[in-house]
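Residue numbers (the working numbering), protein chains in the order written: chain P, 187 to 674; chain B, 1302 to 1576. C-beta: ideal position from N, C-alpha, C; glycine also. One structure is given here, and the rest of the page talks about it.
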């Protein structure tokens, strides 16, 4: 592994290192919730916070590292660079984590209270909330303690304002991996990584939406944790952010190991856009996607476990992508507001009249799209989405469940300096469409129902005094411009 | 149930057919190409004259050309740069042609998105309605700018005026307002699927996009109002507006575009031909 590093116009090479293991934090927590790797992370975070206190513009300080993800303005090519709603979402965050991990590792190298073995093997843990164990949907205990093990020093892993600080759990649907791992295609509408964007708007997927992984669990966990994690510009100020994204990066690795799945080989994705970071020595670094495709050989890390959930493998569709583009068959003709209560919208759909009709073939794919979602402020709850056909009272059960709509980053839609317009979500409803068709239930009218999900309260809540207490979950106010059904 | 058990194998459609399925914006591009050919033809066949003074445009315009004898006729003025009220309609038609050639290609991402996200039988209709609204704004922009040229009578000082306009456009490139306009004209929302509401929404979307686009690129396009026959300038500005509209990270490169415009302003000031 080697990377080109440019500093003062000079190019040199960062030396390769041994492959490190990113551990599941629950594995570490099981032995000691202040396992040396977790403790070292807390101490490293504090070093970065101290750097920012001394100099807000220190590129290896905590504030600057957060600003790389999101900042109120776009001051340079390093900050406010997070890639969302795009097929660069996964590789950009991989690069981001990789350099952050090196910065933390360098920071703990000088700490006397971190043992030599931990210093030499330290890698960022990941937060696996999807294991099926309800306890794993809580924040790890090290992120709930307000002090370090000495009982006196403030714990930098604890930050105020989270929905989960009182021991609450993420809703189970918010961490489900079925939708995230189901796509076979890497990019495009319904693709694993999201729509093609970047370099040229003319070459983008029309109506490009985020990939299902970016929606759930990624966005849903951001929203569920809440507080700093709930907004683009503050998310990376919460130390759990980095463990959450390590898990998202791991899920990308899981997907890659599943049958018939592979990363894109399109040049536009591999080399079309160059990203800029700083390494642990404050030297500037440039990378393209092709530099970060294999974790072990290129980046010198691997994950403790990348086993695909068996249930997900059973859901795999096998049809190749059709030649024809998705065709709109129906859409709502009015906006709908989501204010933390159940909401419903119905609209008519018609048979396809494009390539599907011209070739007299059955649709092999179907998508439900939620388009032009806007809000000036974060939306603090997720919504379960259900689709019903044929009129009548909407049913809210597993048979009609489409997925979870999470609107992480939606506040950026109200920012005129943001490149993002209204948020767009796409759900693959092929299985439901075929099931309803086979049962003779598919109809010329559909209704889509949104049911809010709040975090699951703890049986024995952690009660903290004053400003440390968990804030009530704010549902916010989102406006959906259009809900539509596409067949392909 | 797996997907493959439902979808039956079908013959692979021809490449051309698939191309048309996934590129409905070809119709808009075709209009832009035809308009470019028209504009280029006018430039090639136009009678030229020294300095900034020249005239391309319509065949019958040649007889009104700055007092020069062209094809046996006396040319006393250039209708592309109106000096009399009677020139105005023709000048406006010529401006609309130029604006169509230069600006319509930059709407490709927008019209493609509108076509692909609308009903199949509306793909071309929606694009044309959007283009109608969009070019309507640019036409109004041209009418105002040509009116100003008419009133101010800049024909004798074209080069200094163009130079100042380009310098102003260069300064505009690095303002926050420009950045906001450019970001806004990259966005197109979802539109109603069917009926008159869809028609109306397409036109409104075109008008909105046109307003944002004139906010972003209007200052530099004023130079083309004053120097409509400077083909090299037209090509240069076309390249800049296309880059700004089609490159995803164009906002990051606005200082570079500003430098290009500033350099061009200097070149024009030192006597680059504008005709």
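Practice task
Count the other C-beta atoms from every protein chain shown that fall within 10 angstroms of the C-beta of residue 303 of chain P, then say buried if there are 16 or more, exposed otherwise.
Solution key: Within the first chain, residue 303 of chain P is the residue found at index 117, counting from 1. The residue is exposed, with fewer than 16 neighbouring Cβ atoms inside 10 Å.
Practice task
Could you confirm whether any beta carbon from chain B is found closer than 9 Å to the beta carbon of residue 192 of chain P?
Solution key: Reading the first chain from its first residue, position 6 is the one you call residue 192 of chain P. No answer about residue 192 of chain P holds up, because its pLDDT of 46 lies below 50 and its placement is not dependable.
Practice task
Would you mind reading off the limits of the beta strand (DSSP E) that contains residue 589 of chain P?
Solution key: On the first chain, position 403 is the one that residue 589 of chain P refers to. Start and end: 587-591.
Problem - C-beta atoms of residue 513 of chain P and residue 325 of chain P nearer than 9 Å - result: For this step, residue 513 of chain P is matched to residue 327 along the first chain. For this step, residue 325 of chain P is matched to residue 139 along the first chain. Not a contact, by the Cβ cut-off of 9 Å.
Practice task
Compare the beta carbon distance of residue 592 of chain P and residue 636 of chain P with 9 Å and say whether it is the shorter of the two.
Solution key: As a working note, residue 592 of chain P is residue 406 in the first chain. As a working note, residue 636 of chain P is residue 450 in the first chain. No.
Practice task
Would you decide whether residue 243 of chain P is buried or exposed? Buried here means 16 or more other CB atoms lie within 10 Å of its CB.
Solution key: For the purposes of this step, residue 243 of chain P is taken as residue 57 along the first chain, with counting starting at 1. So residue 243 of chain P ends up on the exposed side.
Handout entry: Same chain, Cβ closer than 8 Å to residue 1430 of chain B, neighbours up to 5 away in sequence not counted
Key = Taking the second chain and counting its residues from 1, one reaches residue 1430 of chain B at position 129. Excluding sequence neighbours, residue 1430 of chain B sits near 1500, 1503, 1504, 1507.
Problem - Rounded C-alpha distance that separates residue 634 of chain P from residue 556 of chain P - result: Translated into the one-based positions of the first chain, residue 634 of chain P becomes position 448. Translated into the one-based positions of the first chain, residue 556 of chain P becomes position 370. The straight-line gap from Cα to Cα measures roughly 10 Å.
Problem - Proximal chain B residues relative to residue 673 of chain P, where beta-carbon distance stays under 7 Å - result: Taking the first residue of the first chain as 1, we reach residue 673 of chain P at position 487. Simply none; closest approach about 10 Å.
Problem - 3-residue-minimum beta strand (DSSP E) runs that sit fully inside the stretch 560-585 of chain P, ordered along the chain - result: Within the stretch 560-585 of chain P, the complete beta strand (DSSP E) runs of at least 3 residues are 568-575.
Problem - Rounded Cβ spacing between residue 1451 of chain B and residue 1386 of chain B (contact assumed at less than 8 Å) - result: Locating residue 1451 of chain B in the second chain gives position 150, counting from the first residue. Locating residue 1386 of chain B in the second chain gives position 85, counting from the first residue. Correct: roughly 7 Å between the Cβ atoms.
Practice task
Return the CA-CA distance between residue 494 of chain P and residue 445 of chain P, expressed in angstroms with no decimal places.
Solution key: Here the question's residue 494 of chain P lines up with position 308 in the first chain. Here the question's residue 445 of chain P lines up with position 259 in the first chain. Distance between the alpha carbons of residue 494 of chain P and residue 445 of chain P is about 10 Å.
Problem - Spatial distance of residue 1427 of chain B from residue 1408 of chain B (CA atoms) - result: On the second chain, residue 1427 of chain B is found 126 positions in, with the first residue counted as 1. On the second chain, residue 1408 of chain B is found 107 positions in, with the first residue counted as 1. Rounded to whole angstroms, residue 1427 of chain B to residue 1408 of chain B spans 13 Å at the Cα level.
Practice task
Evaluate residue 1362 of chain B with the Cβ neighbour count: other Cβ atoms within 10 Å of its Cβ, from every protein chain shown; 16 or more gives buried, anything less gives exposed.
Solution key: Within the second chain, the letter at position 61 stands for residue 1362 of chain B. Unreliable positioning characterises residue 1362 of chain B in this predicted model, as indicated by a pLDDT of 40, which lies under 50. The coordinate reading is nonetheless provided below. Under this definition residue 1362 of chain B is a buried residue.
Exercise for the section: Give the range of the beta strand (DSSP E) segment to which residue 639 of chain P is assigned. Expected result: By 1-based counting over the first chain, the position of residue 639 of chain P is 453. Counting along the chain, residue 639 of chain P sits inside the beta strand (DSSP E) bounded by residues 631-639.
Handout entry: Reference residue 588 of chain P, options P:660, P:617, P:565, closest by Cα
Key = On the first chain, residue 588 of chain P is found 402 positions in, with the first residue counted as 1. P:617 is the residue among P:660, P:617, P:565 whose C-alpha sits nearest the C-alpha of residue 588 of chain P.
Practice task
Could you tell me the boundaries of the beta strand (DSSP E) in which residue 614 of chain P lies?
Solution key: Here residue 614 of chain P corresponds to residue number 428 of the first chain, with the count starting at 1. DSSP places residue 614 of chain P in the uninterrupted beta strand (DSSP E) bounded by 609-614.
Practice task
Decide if residue 1417 of chain B is buried, meaning its Cβ has at least 16 other Cβ atoms within 10 Å, or exposed.
Solution key: As a working note, residue 1417 of chain B is residue 116 in the second chain. Sixteen is the threshold: when 16 or more other Cβ atoms of the shown chains lie within 10 Å of the Cβ of residue 1417 of chain B, as they do, the residue is buried.
Practice task
Kindly indicate the opening and closing residues of the beta strand (DSSP E) around residue 472 of chain P.
Solution key: Locating residue 472 of chain P in the first chain gives position 286, counting from the first residue. Element bounds for residue 472 of chain P: 470-473.
Problem - Proximal residues, the stretch 1394-1423 of chain B versus chain P, C-beta separation under 7 Å - result: Hits within the stretch, in order: 1409, 1410, 1413, 1414, 1417, 1418, 1419, 1420, 1421, 1422.
Practice task
Taking C-beta pairs closer than 7 Å, name the residues in chain P that residue 1491 of chain B reaches, listed in chain order.
Solution key: The sequence position of residue 1491 of chain B within the second chain is 190, counting from 1. Those within 7 Å of residue 1491 of chain B in chain P are 557, 558, 667, 668.
Problem - Test: residue 419 of chain P CB closer than 9 Å to a CB of chain A - result: Among the chains of the structure shown, chain A does not appear; the protein chains present are P and B.
Exercise for the section: Report yes or no: is there a C-beta of chain B within less than 9 Å of the C-beta of residue 514 of chain P? Expected result: Numbered from 1 along the first chain, position 328 holds the residue referred to as residue 514 of chain P. Closer than 9 Å to some Cβ of chain B, the Cβ of residue 514 of chain P qualifies, so yes.
Practice task
Check distances from the C-beta atoms of the stretch 520-532 of chain P to those of chain B and list, in chain order, the residues that come in under 8 Å.
Solution key: Along the stretch 520-532 of chain P, none of the residues has a CB nearer than 8 Å to a CB of chain B.
Handout entry: CB-CB length for residue 551 of chain P against residue 381 of chain P, believed under 8 Å
Key = As a working note, residue 551 of chain P is residue 365 in the first chain. As a working note, residue 381 of chain P is residue 195 in the first chain. About 15 Å separates the two Cβ atoms, so there is no contact after all.
Practice task
Within 10 angstroms of the Cβ of residue 620 of chain P, are there 16 or more other Cβ atoms? Answer buried if so, exposed if not.
Solution key: For the purposes of this step, residue 620 of chain P is taken as residue 434 along the first chain, with counting starting at 1. Buried: at least 16 other Cβ atoms inside 10 Å.
Exercise for the section: Give the C-beta separation of residue 344 of chain P and residue 332 of chain P to the nearest angstrom, bearing in mind that I take them to be a contact with Cβ-Cβ under 8 Å. Expected result: Position 158 of the first chain, counted from the start, is the residue given in the question as residue 344 of chain P. Position 146 of the first chain, counted from the start, is the residue given in the question as residue 332 of chain P. Right, their Cβ atoms sit about 5 Å apart.
Practice task
Could you pull the start and end residues of the beta strand (DSSP E) that residue 513 of chain P belongs to?
Solution key: The residue labelled residue 513 of chain P in the question sits at position 327 within the first chain. Annotation: the continuous beta strand (DSSP E) that includes residue 513 of chain P extends over 513-517.
Practice task
Just tell me which of B:1432, B:1391, B:1564 has its CA closest to the CA of residue 1514 of chain B.
Solution key: Stepping through the second chain from its first residue, residue 1514 of chain B is reached at position 213. Residue 1514 of chain B has its Cα closest to that of B:1432, out of B:1432, B:1391, B:1564.
Practice task
Indicate whether the contact test is met: 3 or more Cβ pairs, each with one atom in the stretch 1561-1575 of chain B and one in the stretch 1529-1541 of chain B, closer than 8 Å.
Solution key: The stretch 1561-1575 of chain B is in contact with the stretch 1529-1541 of chain B.
Problem - Contacts that residue 1485 of chain B makes with chain P (C-beta to C-beta distance below 8 Å) - result: The sequence position of residue 1485 of chain B within the second chain is 184, counting from 1. Within 8 Å Cβ-Cβ: 602.
Problem - chain P contact for residue 1333 of chain B (CB, 9 Å cutoff) - result: Along the second chain, read from residue 1 onward, the residue named residue 1333 of chain B stands at position 32. For residue 1333 of chain B, no CB of chain P lies under 9 Å from its own CB, so it is not counted at the interface with that chain.
Practice task
Anything in the stretch 1313-1328 of chain B with a Cβ closer than 7 Å to a Cβ of chain P? List those residues in chain order, please.
Solution key: So the list reads 1313, 1314, 1319, 1322, 1323, given in the order they occur along the chain.
Handout entry: Those runs of the alpha helix (DSSP H) which lie wholly inside the stretch 1423-1488 of chain B and span at least 4 residues
Key = DSSP runs (the alpha helix (DSSP H)) wholly in the stretch 1423-1488 of chain B: 1424-1453, 1459-1474, 1477-1485.
Handout entry: residue 598 of chain P in three-state terms, based on DSSP
Key = On the first chain, position 412 is the one that residue 598 of chain P refers to. Helix.
Practice task
Thinking residue 316 of chain P and residue 641 of chain P are a contact (beta carbons under 8 Å), I'd like their distance in whole angstroms, please.
Solution key: Position 130 of the first chain, counted from the first residue, corresponds to residue 316 of chain P. Position 455 of the first chain, counted from the first residue, corresponds to residue 641 of chain P. About 16 Å; that fails the 8 Å criterion.
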